[in-house]
Each structure stands twice: as structure tokens, then as C-alpha cells.
Amino acid sequence: MMSHFDRETTAKQVGETGALPGKWALITGASSGLGIETARGLAVAGCHLFLGVRNPSSASALSSALRADFGCEVRVGALDLADMDSVAAFARNVLATVNELAIFVANAGVSKTPQWHLPNGLDVRFATNHLGHFLLAKMLEKTLVRGQGRVIVLSSAAHKNRPLRLDDLQWQQRDRNDLAAYGESKTANLLFCREWQRRMGNKVTANAVLPGSALTGLQRFHGEDLIKAIGFVDADGNPNPAMKTVEQAAATSVWAAIAPELLGRSGLILEDCRLANPMDANTHPWTGFDPAVLDDDAAQSLWDASEELLTTLHPTATTATLKNS
1 MMSHFDRETT AKQVGETGAL PGKWALITGA SSGLGIETAR GLAVAGCHLF LGVRNPSSAS
61 ALSSALRADF GCEVRVGALD LADMDSVAAF ARNVLATVNE LAIFVANAGV SKTPQWHLPN
121 GLDVRFATNH LGHFLLAKML EKTLVRGQGR VIVLSSAAHK NRPLRLDDLQ WQQRDRNDLA
181 AYGESKTANL LFCREWQRRM GNKVTANAVL PGSALTGLQR FHGEDLIKAI GFVDADGNPN
241 PAMKTVEQAA ATSVWAAIAP ELLGRSGLIL EDCRLANPMD ANTHPWTGFD PAVLDDDAAQ
301 SLWDASEELL TTLHPTATTA TLKNS
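Residue 206 in the working numbering sits at position 206 of the sequence shown, and the numbers go up by one each step.
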């Protein structure tokens, strides 16, 4: 599958090709980085927007600008994806507002953080990047079905060579390694889409996006030395030419949300506004996907483990949801 877009295309340029007037789109982590540009791209396409952010005041300027620039309706709700009670409350807020949800972009994520484990024992990356989005998607399933919706989940090249330890999803048995834990959570994002496709077919599609490398708030706790070690910048602080701008990195999310050629297509891995390629010996470290994420058994096991974690750790917030989904 090809498109006329490429790695240099911006989210706004993709959005200008869409026509989704009045369709509702939900974006998590919409107050910074890729979330802002994804919101703008979908607003250009005519969507109304529901923005999920930790601190709603952080999105007030963005929501005002979106209304003024595009005339769209914008709702903002408090959402802490590491707190399943917050996720459940946010989902109820969305359900009370939106009858048909056409687009759900699971954009929010954390990498290296001051906090390692949450009070409930979960690794903060696994909880935020996967489990919170997992619960939110399940709670919104019926409104997504009514909207013939698309679920778009942001993964990362960091998933490569990071298979999930299904026996230690909470990182209780291993020494702290933020970047490894982040990579495993990004593997979980890819496996989630694969299992969603198996369970849902094309009633609601779910596709994973590899946005490419860009400097955003995701790296705010990395520090200068780690930023250089990863290769984002050279010794003099100059950006790596392989980096994307934030506007470019958000383009594939918008394309996944609105491209007519993706109608009814699910379980795909997308990059640079086209199908991603499996990695090989010649693949750049920041591109392509690890074929290990095509493991259907691992995808189903992750789904089952995620449900078990939710019912064990957050029975009040999640038991009814899981039974009814």
C-alpha cells in the first residue's frame, strides 16, 4: 500500500486532504508534542476534538486556538492514564458527550521518568503507554462501533528487540531500566492492535503507528548526555538529519485516521504514511518493525494478562467494563 505522502509530509498537509466534517476524534496526550500537531491535522480535516490530558489547563490555549482557527468543537478532559480510576472517569465523560466516535488516537506516552513503580506496583510506562489505553479503548468500544471508528496507537522504533516478559509485565523481577521498559511498552502497543483486529475484525479497526524520531516532551527527563548517546543530537547539539520535526512525526497518525485507502484495514503497522517494512540487517535503527510483534499467541496472552491485571488491581473501575465488552 502506497500513498503520495512521505516522511517529510506534515500532519497539516495530510489533514488538508481529508473531509470529516462533524466527526468526533479523541486524542490522548494532546497538550504537547505530537498530540498538538495531531489535533491540528484532524481539525483541518473537519473533526470535532475531545482532548485527554493530565492537566486540562495545559490545553486551554490549544483548544481556544483550534476553535478560532478551524471552527471545530473542542472538549478537554482530565486523564491520567496511569490511574485506572481516572481512565474510567474520563471514559464516562466521553460517553456522556459523544454518541459516535470516529477516531481514537492513543498518543500519550512516557519514557524515562522520575517514578519507576506506581503505588499499585505497576511500571509507570506499562501502565501509561499500554494498560490505560487498553482500558479506555474497551470502555469506548460501543461508541467506536457506532462511529465505524478507527483506533490509532502510537508505538516506537524502541520496540525492536524488546519482547514482552509476560511473566514480569510489572518489572518486579528485574533491575530498573527505563528505556528497556519503554521499549517493552511499545511492543505491547503493537500486540494490542494485532489482537484487537482478531477480536473486532473491521467493525472498529486498530492500526499501529511508528512516528519516527523527534524531540518532544517525551525526552524531558533524558538529560543532555542520554540525548547525545541515543543519537538525537551530535556532540555540538546539532540535530541528527534522520530526525523528524514534530509536524512530520504526527503525519502518519493523521493519515491513519483519515486515509480512505485504510477503510476497513486493521492490524497494520504504519510508518511515513505507508505500510512499515520489517527490519533487516540494513534497516536504520529508527525505522521498520521487529517481525516478532506479529506473534498472535503473544498478542492474545498480553490481552488476557491485561484484563487480569485490571480486574485484580482496579476491580471497582473495571470489572463491569470487562464483563460487558
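Cβ atoms here follow ideal geometry from the backbone N, Cα and C, with glycine treated the same way.
A distance below 6 Å between beta-carbons, with the five flanking residues on each side excluded, links L122 to the following residues of its chain, in chain order: Q170.
For Q248, the number of other beta carbons within 10 angstroms of its own is at least 16, and it is reported as buried. The region 23-40 makes contact with the region 97-113: 3 or more CB pairs, one atom from each, lie closer than 8 Å. When only Cα atoms are considered, F289 and L140 end up about 28 Å apart. Here the alpha carbon of E184 sits roughly 5 Å from the alpha carbon of R162.
Rounded to whole angstroms, the separation of the alpha carbons of G149 and F50 is 14 Å. The criterion of a C-beta distance shorter than 8 Å is satisfied by D6 and C273. Restricting attention to V44, W255, G212, V53, the CA atom closest to the CA of A91 is found in V53. Going by beta carbons, I269 and A276 fall inside the 8 Å limit. Across the set D167, S155, S32, the C-alpha of S155 shows the shortest separation from the C-alpha of Y182. Within the model, the alpha-carbon separation for G29 versus N282 is close to 33 Å.
Restricting attention to W286, A43, K138, the CA atom closest to the CA of S213 is found in W286. If you look at V145, you'll find it isn't in any beta strand (DSSP E); it sits in the alpha helix (DSSP H) that goes 141-146. The continuous stretches of beta strand (DSSP E) do not include V87, which lies in the alpha helix (DSSP H) extending over residues 84-97. Taken through DSSP and simplified to helix, strand or coil, W303 comes out as helix. Scanning its chain for C-beta atoms nearer than 8 Å, with the 5 sequence neighbours on each side dropped, one finds around L294 the residues R194, in chain order. Contact between V105 and T38 is confirmed by a C-beta separation of about 6 Å, below the 8 Å threshold. Its chain contains K203, V204 as the residues whose beta carbon lies nearer than 8 Å to that of V145, once the 5 sequence neighbours on both sides are disregarded; these appear in chain order.
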